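Encoded as structure tokens, the structure appears first; notes follow it.
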């Protein structure tokens with residue numbers, strides 16, 4: 754499992770959700786038990802609607818929690834936000850699982866296909882079946898397609914898959 758969540762990890766996750774603005778919002782939430790979106794906007798200088806947008810993204814992943822109360826004068830709802838750092842570990846593990854799944858799919862694709870390439874920058878590798886249909890001519894530059902050894906790609910993907918499996922305890 755992951756060690757206790759540190760500020761650096763929290764900042765990296767915040768950046769993934771909304772760049773510098775999300776980091777500033779997280780910084781405000783780290784300093785208080787609970788605050789409103791209006792107070793966050795005032796402290797950070799970020800527009801209120803953007804603050805709310807980022808907070809709801811974080812909320813969708815259970816990284817922040819909210820409590821709703823009603824303003825006695827206006828009758829409007831006030832949302833009180835707080836950070837949930839204990840949920841961060843689960844979020845990171847879920848993200849790693851998703852990445853692992855995508856890497857495994859890509860690894861199987863690389864292992865099960867032969868590729869051909871014209872070795873021209875900007876052109877793409879082409880699977881054997883498609884290269885045959887193109888009579889082994891690059892569809893972009895019309896140069897002849899030659900076999901491409903994807904062994905380095907397979908090795909790199911294998912190492913990353915093994916690393917993620919180890920981190921996830923699989």
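In the numbering used here, the protein residues as written are 754 to 923. Quick reminder that beta carbons are idealized off the backbone N, C-alpha and C, glycines included. Treat the numbers as computed from the prediction; the structure is a model and nothing was measured.
Are residue i and residue j touching if we call contact CB-CB under 8 angstroms?
i	j	result
residue 819	residue 834	yes
residue 778	residue 763	no
residue 863	residue 910	yes
residue 998	residue 836	Lying before the first or after the last residue shown, residue 998 is absent from the chain, which here runs from 754 to 923.
residue 790	residue 805	yes
residue 890	residue 880	no
residue 917	residue 846	no
residue 797	residue 781	yes
Taking DSSP as the reference, what is the three-state secondary structure of residue i?
i	result
residue 838	helix
residue 881	helix
residue 901	strand
residue 893	coil
residue 887	coil
residue 923	coil
residue 779	helix
residue 874	coil
Nearest to residue i by alpha carbon, out of the options?
i	options	result
residue 832	875, 843 and 794	794
residue 852	781, 915 and 824	915
residue 907	921, 887 and 858	858
residue 886	770, 869, 876 and 873	869
residue 860	903, 919, 882 and 812	903
residue 866	822, 901, 788 and 769	901
residue 799	813, 775 and 812	775
Cutting at 6 angstroms between CB atoms, please list the residues of its own chain near residue i, excluding the five before and the five after it.
i	result
residue 787	833 and 835
May I have a chain-ordered list of the beta strand (DSSP E) segments no shorter than 3 residues that lie completely inside the region 815 to 872? 817 to 823, 830 to 836 and 868 to 870
What alpha helix (DSSP H) runs, 4 residues minimum, are completely inside the region 781 to 818? 790 to 797 and 801 to 813
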